[in-house]
Amino acid sequence: MTAVTVVTVVTVVGVEQLYWDWSGPLDVARFAAAWQSVVDRECVLRACFEWVAAPRLVLHARAGADIAVCSPAAVTWPQLLRRDRARGFALHRPGLLRLTLLEAEPGGGAGAAPPRVLLTYHPALLDERGVHLLLREFYRAYAGGGVLPGGERRPDLRDHARWLAGQDTTAARQFWARAVPPPRAATRPGRPGGATGQSGPGLLAHPGCGAPETFRLRSWAALRGAAESSALHLVWALLLYRAAGVAGPLPVSFGVQLSGRDIALPGAAGIPGLLDSPLPMTVTVDPAAPLADLLHQVRDTLLDLAAYPWASTETIRAWAPARPPPRRPRCRSRSCCRSRCGSCCGWWSALRCRQHAGAFRRPARAAEGPAQRTRRPGRPRGHPPQRGRRHRRAPHPRRPARQRGRPGPGPVPRPGAARGRGRRRPALPVRTPAARCPSSGRPRPVPDSCWTCWPGPRHRAWPGPCRPRRTPH
-12 MTAVTVVTVV TVVGVEQLYW DWSGPLDVAR FAAAWQSVVD RECVLRACFE WVAAPRLVLH
48 ARAGADIAVC SPAAVTWPQL LRRDRARGFA LHRPGLLRLT LLEAEPGGGA GAAPPRVLLT
108 YHPALLDERG VHLLLREFYR AYAGGGVLPG GERRPDLRDH ARWLAGQDTT AARQFWARAV
168 PPPRAATRPG RPGGATGQSG PGLLAHPGCG APETFRLRSW AALRGAAESS ALHLVWALLL
228 YRAAGVAGPL PVSFGVQLSG RDIALPGAAG IPGLLDSPLP MTVTVDPAAP LADLLHQVRD
288 TLLDLAAYPW ASTETIRAWA PARPPPRRPR CRSRSCCRSR CGSCCGWWSA LRCRQHAGAF
348 RRPARAAEGP AQRTRRPGRP RGHPPQRGRR HRRAPHPRRP ARQRGRPGPG PVPRPGAARG
408 RGRRRPALPV RTPAARCPSS GRPRPVPDSC WTCWPGPRHR AWPGPCRPRR TPH
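First residue of the sequence shown: -12, per the working numbering; consecutive thereafter.
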């Protein structure tokens, strides 16, 4: 029989690796047949992703086990790990799990390395708990001659999806509406620093704590009425608080991974698929409070999260209350004190405001040449528009003003007045400066704001079809 002597998990971006040494005789053909029997039984090993119409998970009826056998004379163990990590996975193909078997060194002496098995999987479909369930099924199949008794596993991912669709989400919505992380919560574990001079994906190896450290941690947490996982969450919350660099109480938020198999679905504990999901945990770190109070706060929050382990991150984001949009900046100039810049009746103030003047400028088109301004009569400079008044008379049409430094036609004088006589009027934003009346051929400027928002005692109506149409508020 076989035994696992060394188990190590290595995590990189998009790939997780688990390897162990094989003790005892190894039959390669029996090894491959046992894994093929596991693939035929578990639908998660025949699943892949598809993005044709919408992202979805596709389950195939048949898939082969990806097993490779390498010789220690051709490749070393560190080289094999690097090549396997660089290989990655094709998410549109079934079988997001593969195995690589490194044979024993020739000679078989006392100091020879035993065979080593490398298992690589994608975290989109499997977690560490699910991989250990698959290993248990593999050992059963290997002990039975390479054949796993029984048919396809039920319940599986399909049954879990039907169970989720039938859940009442009223209580979960109310809970996550209160437990959503606040906007000012600290979430970064480090501070911005300089360049490290390194590149490529990161590497994280977690062989686990030793027996003495695990015993001390479990004893310390048990004396205070908590588990060792709550103690680890407490340490991470303190690291987030220290990285924030603030004084006084501060909420910190981080993700916790729950199994997702402690649900009311019968047989959910044996499903090897990815049932867990990172859930946001928020606790308030107070430097003046005792450390045991923070440990109890972490424990109670984790117990509350355990009531809804099936909630996904996207669902929690959809259930969270909508945050109010940021307020628009108000102009602080004197001419903008009566109305907000950019509103329908406050465009006069926007023209006077340098901060929002760019929002009322129309970019020039290639066919029309540079943007032009059109002058029109109105109130004297500095007088804000009067609200609530409607004027039936339209302003007198004028030609585009002469551009500075370029020759061109000047403004048309007002009938009955000498050229250049009277006060200068502010320029209006023009939507179509090249628009002309189809019957008379006169230019028709069309401002962005409605005509009724421009009061003035000197309005003149356009003759015939050149008179603009009034726009209701």
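In this text, a Cβ means the ideal position worked out from N, Cα and C, and glycines have one as well.
> Between R33 and V26, is the Cβ-Cβ spacing less than 8 Å?
Replying inline: With a cutoff of 8 Å on beta-carbon distance, R33 and V26 are scored as near each other.
>> Taking the straight line between their C-alpha atoms, what separation do you get for P81 and R72?
In response: Distance between the alpha carbons of P81 and R72 is about 18 Å.
> Where do the ends of the alpha helix (DSSP H) carrying I303 lie?
Replying inline: First-last of the alpha helix (DSSP H) with I303: T300 to W306.
>> Please report the distance separating the alpha-carbon of H147 from that of Y108.
In response: So the two alpha carbons sit approximately 21 Å from each other.
>> So, for D53: in the same chain, excluding its five sequence neighbours on each side, which residues have a beta-carbon less than 6 Å away from its beta-carbon?
In response: Hits under 6 Å: G82 and R85.
>> For Q4, report the span of its alpha helix (DSSP H) as first-last.
In response: If you look at Q4, you'll find it isn't in any alpha helix (DSSP H); it sits in the beta strand (DSSP E) that goes V2 to D8.
> Expressed to the nearest angstrom, what Euclidean distance is found between the alpha-carbon atoms of G138 and P42?
Replying inline: Roughly 29 Å separates the two Cα atoms.
> Which same chain residues, not among the five before or five after L151, have their C-beta less than 8 Å away from its C-beta?
Replying inline: Cβ within range, chain order: W297.
> Helix, strand or coil: how does DSSP classify V222 here?
Replying inline: Note: V222 maps to helix in three-state DSSP.
>> Please return the same chain residues whose Cβ sits closer than 8 Å to the Cβ of L144, not counting the five positions on each side in sequence.
In response: Around L144: C30, V31, A34, L44, L46, I258 and G260.
> Leaving out the 5 sequence neighbours to the left and right, which residues in its chain are closer than 7 Å to P102 when beta-carbon positions are compared?
Replying inline: The residues W9, L13, L88, L89, E90 and A91, in chain order, have a CB closer than 7 Å to that of P102 in the same chain once the five nearest residues on each side in sequence are set aside.
> Cα-Cα, which of C57, A173 and D249 is closest to A230?
Replying inline: A230 has its Cα closest to that of A173, out of C57, A173 and D249.
> Between the Cα of Q23 and the Cα atoms of A100, E37, A166 and R127, which residue gives the shortest distance?
Replying inline: Looking at the Cα atoms, R127 is the closest of the given residues.
> Per DSSP, what kind of secondary structure is T156 in: helix, strand or coil?
Replying inline: Looking at T156 - three-state DSSP - the assignment turns out to be coil, as it is neither helix nor strand.
>> Measuring straight from C-alpha to C-alpha, what distance separates W7 and D114?
In response: Distance between the alpha carbons of W7 and D114 is about 17 Å.
> Thinking just about the alpha-carbon of each residue, which of R28, A55, A60 and G184 is nearest to the one in R49?
Replying inline: Per the Cα distances, R28.
> Can you tell me the Cα-Cα spacing of G131 and V56, whole angstroms?
Replying inline: Spanning the two alpha carbons is a distance of roughly 22 Å.
>> Quick check for students: name the residue ranges of the beta strand (DSSP E) that lie wholly in the region 242 to 282, counting only runs of 3 or more.
In response: As far as the region 242 to 282 is concerned, its whole beta strand (DSSP E) runs of at least 3 residues are 265 to 272.
> Considering only residues of the region 44 to 77, which uninterrupted alpha helix (DSSP H) runs meet the minimum length of 4 residues and lie entirely inside it, listed in chain order?
Replying inline: List check, alpha helix (DSSP H) in window: 64 to 74.
> Should R456 be labelled buried (16 or more other beta-carbon atoms within 10 Å of its own) or exposed?
Replying inline: The pLDDT assigned to R456 is 47, lower than 50, so where the model puts this residue is not dependable; a value taken from the coordinates is nonetheless given after this. When all chains shown are included, R456 counts as exposed.
> Which of the three DSSP states, helix, strand or coil, is assigned to P350?
Replying inline: Any reading at P350 is ruled out, since the residue's pLDDT is 46, under 50, leaving its predicted position unreliable.
>> Is it buried or exposed, P65, if we count other Cβ atoms within 10 angstroms and call 16 or more buried?
In response: Counting of Cβ neighbours within 10 angstroms places P65 among the exposed residues, the total staying below 16.
>> Which residues does DSSP list as the beta-bridge partners of V104?
In response: Answer is W7 and L88, bridged to V104.
>> Measuring only the C-alpha atoms, how far is A276 from L204?
In response: Their backbone Cα atoms lie some 21 Å apart in a straight line.
>> Buried or exposed, going by whether 16 or more other CB atoms sit within 10 Å of the CB of R171?
In response: Exposed, because fewer than 16 other Cβ atoms sit within 10 Å of the Cβ of R171.
>> Under DSSP, the beta strand (DSSP E) around E37 begins and ends at which residues?
In response: Its beta strand (DSSP E) spans residues A34 to E37.
>> Quick check on the burial criterion: 16 or more other C-beta atoms within 10 angstroms. Buried or exposed for W163?
In response: W163 should be labelled buried.
> Under the rule that 16 or more other beta-carbon atoms within 10 Å means buried, what is G117, buried or exposed?
Replying inline: The residue is buried, with at least 16 neighbouring Cβ atoms inside 10 Å.
> DSSP state of V239, grouped into three classes?
Replying inline: Look at V239 here: in three-state DSSP terms it is strand.
> Around the Cβ of P136, are there at least 16 other Cβ atoms within 10 angstroms (buried) or fewer (exposed)?
Replying inline: An exposed status is given to P136, since fewer than 16 other beta-carbon atoms sit within 10 Å of its beta-carbon.
> With burial defined as no fewer than 16 other Cβ atoms inside 10 Å of the residue's Cβ, what is the status of G247: buried or exposed?
Replying inline: Looking at its Cβ environment, which holds 16 or more other Cβ atoms inside 10 Å, G247 is buried.
> Do E215 and A208 have their C-beta atoms closer together than 8 Å?
Replying inline: In this structure, the beta-carbon distance from E215 to A208 falls below 8 Å.
>> Between L67 and L105, how many whole angstroms is the CB-CB distance? I'm expecting something under 8 Å.
In response: About 7 Å separates the two Cβ atoms, so the contact holds.
>> Measuring straight from C-alpha to C-alpha, what distance separates A198 and R211?
In response: Each residue's alpha carbon lies about 20 Å from the other.
>> Pull the bridge partners of A173 from the DSSP assignment, please.
In response: Beta-bridge pairing links A173 to V239.
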